[in-house]
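Engineer:
Okay, structure coming up:
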C-alpha cells in the first residue's frame with residue numbers, strides 16, 4: 367500500500383517545482399499555453415489574459431501562468447527550427463496576428479502534408495496582404511517564422527494593385543501562378559466592395575447560401591468584420607485630413623500604415639492603436655510626433671515646408 | 010566553409026578568433042551605429058551589444074540598414090533580428106535610453122565602447138563613464154561634409170547648440186566611408202592596441218590622421 371505522506375510530499379515538491387519553472391511558449395489571443403513540469407502536462411491561462419505573441423511564462427498556480435519576459439529572436443528561431451517549414455502567401459487577417467494564407471506551391475504542401483488547402487497562421491508579426499512568408503507546422507498549428515526573402519515583392523504589389531481596383535475578372539500578369547489566383551480570390555472575397563456587388567447581383571442566392579454556411583466560415587467571417595472596423599477607422603481619420611489609406615499592418619502595439627497625401631505622395635507611418643496618435647510620422651517633427659494624431663498628420667506633412675520645428 | 014572565409018584569408022584565422030571573442034558595445038543604432046554594428050558582425054565580431062531607444066522613421070531609410078516595412082519598430086530590435094537572420098550572430102540589443110543612471114550597468118564588460126550618439130548630452134555621459142572606468146572608447150561623429158573617428162583621450166564633446174535632430178545634411182557616402190574607417194580603427198585596436206584617430210571629408214575624399222592641437 368502506498369505511503370500517503372510520501373505521496374503528499376511528492377505532490378508538494380512538484381507544486382514548488384511548478385512555480386519555480388519558467389517556460390517558453392507561443393500564445394494566440396484568447397488562447398492557452400502548455401508546458402510539461404515533472405512529467406505532468408499543465409495547461410495555463412496566460413496573464414495578461416489578452417496576451418498574444420511569444421512569451422517566457424512562469425506559473426502563478428496550476429491554472430495561470432504570468433508572462434515574465436519577451437524572448438529573443440534567437441530563442442524563437444531555435445524553437446521554430448524544430449518544426450516543418452512551408453512557403454505560404456498571406457491572404458487576409460482573421461484576428462489580431464492570425465492570418466489566412468495559401469501555399470505558394472500547392473503540390474509542395476500536398477507532398478508534405480497530404481493536402482493542399484488554405485492555412486491559418488498564428489503570430490504573424492511581419493508581412494502584409496499577398497506577401498510570401500515561411501510558416502512552421504507543429505502537427506496541429508501553423509506558426510509564422512519570417513517573411514520569405516526569396517519571394518518576388520513585385521508579385522505582391524501587382525496583386526494588391528488589382529485588389530485596390532477590384533478587378534475580379536481574369537487578372538493576369540507575367541509569372542502568375544494558379545496559387546496566386548487562389549490567394550487573390552480569397553482576399554477579394556473579403557473586401558466590402560466585392561461583397562456589396564455580390565449582394566446586389568445575387569441577393570436571393572446569397573440568402574440561401576448564408577443558411578448553409580458552415581461553422582468554419584462563420585468563424586472566419588466574424589473576426590474579419592473586426593479588421594474592417596480597424597481599417598475603416600484608419601481610413602476615416604486619413605480621409606478627414608485629405609489623405610488616403612493604401613495599406614495597413616498590425617504590428618502589435620501600433621498600426622503601420624501606408625498612405626498617400628492629396629497630391630499622391632506616398633508615406634509610411636506608425637500609429638498608436640488606441641488613440642491614433644503618431645508614433646513615427648515619416649518626417650522630422652523634432653520628437654514631437656506624439657503631439658499629432660493621424661488626421662492632423664496629413665495636414666502637417668502636406669504643409670511641412672511652412673513648419674518651423 | 011566559414012561565412013567569414015574571405016575576411017579570414019585577409020585577416021588570418023588567429024585574428025578572426027580574437028575578433029569573435031572581443032566584446033564591443035555600440036551606443037546608437039542610427040546611420041553610424043547601425044551600419045557599424047552590421048559591418049562589425051559581417052567582419053566576424055561575435056560579441057556585440059547595441060544600445061538605442063529610437064524607433065525607425067521613414068527618413069532613416071536612406072542611410073540606415075532598415076526596410077520600409079520596419080517603420081515604427083525599435084531600431085535595435087530590427088537590427089538584431091536582421092543580423093541574426095543574415096549571419097546567425099546574436100547581437101545583444103537594448104532598446105533603452107542611456108543615461109548617467111544606467112550607463113554603468115549598460116557599458117559594463119565592454120572591451121571597447123563605440124559612441125555614435127547624435128546628441129551631446131549622451132556623448133558626454135559615455136565619455137565621462139569610459140574615462141572613469143578606464144574603458145577604451147571611440148567616438149564617431151558627422152557634421153555636414155566632415156566626419157571624425159576619435160579616441161576618448163583626445164575627444165572634445167561638441168557644443169549642444171549643434172544638436173538639431175531634424176535639419177542637417179547627411180550624405181550616405183560620407184556615412185559609409187566613416188563606418189569603414191571606424192571599423193578598421195576598431196580592428197587595429199583589437200590587433201595591436203594602437204589608437205588611431207582620423208578625420209574624414211567627402212569633398213576631397215581625404216582620410217587624415219587627427220591633429221590634436
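Chains as they are written, first to last, in this note's numbering: chain A, 367 to 675; chain B, 10 to 222.
Ideal Cβ placement from N, Cα and C applies to all residues, glycine included.
1. Report yes if the C-beta distance between residue 71 of chain B and residue 165 of chain B is below 8 Å; otherwise report no.
2. Helix, strand or coil for residue 73 of chain B per DSSP?
3. Got a sec? Which residues, its chain only, sit under 6 Å from residue 129 of chain B by beta carbon, not counting five neighbours each side?
4. Residue 108 of chain B touches chain A at which residues, Cβ-Cβ below 9 Å?
5. What do you reckon, are the CB atoms on residue 44 of chain B and residue 188 of chain B nearer than 8 Å?
6. From the DSSP output, which residues share a beta bridge with residue 84 of chain B?
7. Can you tell me the Cα-Cα spacing of residue 665 of chain A and residue 140 of chain B, whole angstroms?
8. Please state the DSSP three-state secondary structure of residue 54 of chain B.
9. So does the stretch 475 to 485 of chain A actually touch the stretch 430 to 445 of chain A, counting three or more Cβ pairs closer than 8 Å?
10. Could you confirm whether any beta carbon from chain C is found closer than 8 Å to the beta carbon of residue 62 of chain B?
11. Let me check understanding here. Comparing Cα to Cα, which of A:472, A:524, A:478 and A:452 lies closest to residue 513 of chain A?
12. At a CB distance below 9 Å, what residues from the stretch 438 to 453 of chain A approach chain B? Give them in sequence order.
13. Taking the alpha-carbon positions, what's the residue 517 of chain A to residue 412 of chain A distance?
14. Considering just the uninterrupted stretch of the alpha helix (DSSP H) at residue 372 of chain A, what are its terminal residues?
15. Between the Cα of residue 498 of chain A and the Cα atoms of A:479, A:480, A:471 and A:477, which residue gives the shortest distance?
16. Please list, in chain order, all residues of the same chain as residue 659 of chain A whose beta carbon is under 6 Å from its beta carbon, the five residues on each side excluded.
17. Three or more C-beta pairs closer than 8 Å, one from the stretch 52 to 64 of chain B and one from the stretch 26 to 39 of chain B: is that the case here?
18. Please tell me whether residue 77 of chain B has its Cβ less than 8 Å away from any Cβ of chain A.
19. Between which two residues does the beta strand (DSSP E) harbouring residue 468 of chain A extend?
20. What's the gap between the Cα of residue 721 of chain A and the Cα of residue 628 of chain A?
21. Counting only beta-carbon atoms, is residue 635 of chain A nearer than 8 Å to chain B?
22. For chain B, is any of its Cβ atoms less than 8 Å away from the one on residue 662 of chain A?
23. With burial defined as no fewer than 16 other Cβ atoms inside 10 Å of the residue's Cβ, what is the status of residue 163 of chain B: buried or exposed?
24. Could you tell me whether the Cβ of residue 81 of chain B comes closer than 8 Å to any Cβ of chain A?
25. I'd like to know if residue 99 of chain B contacts chain A, where contact means its C-beta is closer than 8 Å to some C-beta of that chain.
26. So, at 6 Å on beta carbons, what are the nonlocal neighbours of residue 121 of chain B in its own chain, with the 5 sequence-adjacent residues on each side left out?
27. Mind checking which residues open and close the beta strand (DSSP E) that includes residue 498 of chain A?
28. In terms of DSSP beta bridges, what is residue 646 of chain A paired with?
29. So which residues of chain B does residue 617 of chain A contact, with C-beta pairs closer than 8 Å?
30. Kindly list the residues whose CB is nearer than 7 Å to the CB of residue 221 of chain B, restricted to its own chain and excluding five residues on each side of it in sequence; keep chain order.
31. Among the residues of its own chain, which have a CB less than 6 Å from the CB of residue 155 of chain B, if the five just before and after it don't count?
32. From residue 537 of chain A to residue 23 of chain B, what distance separates their C-alpha atoms?
33. Please work out which residues of its chain come closer than 7 Å, Cβ to Cβ, to residue 109 of chain B, disregarding the five sequence neighbours upstream and downstream, and give them in chain order.
34. Looking at the strands, I want to know which residues DSSP matches up with residue 149 of chain B.
35. Return the bridge partner residues of residue 454 of chain A from the DSSP annotation.
36. Who are the neighbours of residue 620 of chain A on chain B, taking C-beta pairs under 8 Å?
Structural biologist: Result, derived from the coordinates:
1. no
2. Here residue 73 of chain B sits in coil by DSSP.
3. 166, 167, 169 and 172
4. In chain A, no part has a C-beta under 9 Å from the C-beta of residue 108 of chain B; the shortest such distance is about 16 Å.
5. In this structure, residue 44 of chain B lies near residue 188 of chain B, with their beta-carbon atoms less than 8 Å apart.
6. Paired residues: none, contrary to the question.
7. 47 Å
8. coil
9. no
10. Here the protein chains are A and B, and chain C is not one of them.
11. Answer by Cα proximity: A:452.
12. 438, 439, 440 and 443
13. 35 Å
14. Boundaries of the alpha helix (DSSP H) around residue 372 of chain A: 370 to 386.
15. A:471
16. 642 and 643
17. yes
18. yes
19. 464 to 469
20. Absent from the model: residue 721 of chain A. The displayed extent of chain A is 367 to 675, so no value can be given.
21. yes
22. Contact with chain B is absent for residue 662 of chain A, since none of that chain's Cβ atoms lies less than 8 Å from the residue's Cβ.
23. exposed
24. yes
25. yes
26. 33 and 145
27. 498 to 503
28. A:636
29. 81 and 82
30. 163
31. If the five residues before and after residue 155 of chain B are omitted, its C-beta is found closer than 6 Å to the C-beta atoms of 210, all from its own chain and listed in chain order.
32. 58 Å
33. 134
34. B:158
35. A:469 and A:499
36. 81
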